[in-house]
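For reference, the structure discussed in these notes is given below.
Numbering (my numbering), first residue to last: 26 to 241.
Laid out in structure tokens, this is it:
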């Protein structure tokens, strides 16, 4: 009988050690994660994120939960003024596009999934209507339960991988009445098809940088 009691005590002790070890491992992982976040970016500044970075976005659009994503590459855009940047990211099997720009000290961030972008036909637009917007420098159209207003249009320059080689395209920009979403229509040199991107505003204060990446 004593033998069984001793065995039971030994098993209980072993289980206690394993549970304690598991708790310590979980605490260690949590502390390591917090250290990475603190070390990578205390202010959650997305402007320093490059290729290889890992970041956490607050919910936006149809997303009801935060999104953790990996940055595959970073592109730069220019229109004669301050540049803005596009982070091409991976979230599971989906491609996520994050754009940010700076105006003075303020940073503006938008994001959207590639597979949720509408086509030009979905918007009820065609090339002639885009030309009308361009010439009048105003106009609007309905889509997805909102009225979209013309903001601006013009030539833009694209720098792949934030490098020196550049490529030009023409762009039309629209935003909804609440200024919470934006649509960009692009026409690239040598291409017949228009590219459309639908992005949501993201609060930059809700962004966490786990790893800023090294750009390599």
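C-beta atoms are modelled at their ideal positions from N, C-alpha and C, and glycine is treated no differently. All of these numbers come straight from a predicted model, not from anything done at the bench.
| Query | Result |
| --- | --- |
| Length of the line joining the Cα atoms of residue 196 and residue 233 | 30 Å |
| Beta-carbon proximity of residue 150 to residue 166, cut-off 8 Å | yes |
| Backbone CA spacing between residue 218 and residue 128 [nearest angstrom] | 31 Å |
| Alpha-carbon spacing of residue 134 relative to residue 153, whole angstroms | 31 Å |
| Straight-line gap, residue 87 to residue 130 (C-alpha atoms, nearest Å) | 29 Å |
| Extent of the continuous alpha helix (DSSP H) to which residue 161 belongs | 152–161 |
| Whole beta strand (DSSP E) elements within the stretch 78–158, 3-residue minimum | 79–82, 92–103, 109–116, 119–128 and 131–138 |
| Residue burial classification, residue 172 (beta-carbon count within 10 angstroms, cutoff 16) | exposed |
| Proximity of residue 190 and residue 75 at Cβ, strictly below 8 Å | no |
| Closest Cα partner of residue 105 within the set 182, 158, 124 and 95 | 182 |
| Residue burial classification, residue 241 (beta-carbon count within 10 angstroms, cutoff 16) | exposed |
| Assigned exposure category for residue 214 - 16 Cβ within 10 Å defines buried | exposed |
| Pair within 8 Å by beta-carbon distance, residue 136 and residue 199 | no |
| Distance CB(residue 221)-CB(residue 126) smaller than 8 Å | no |
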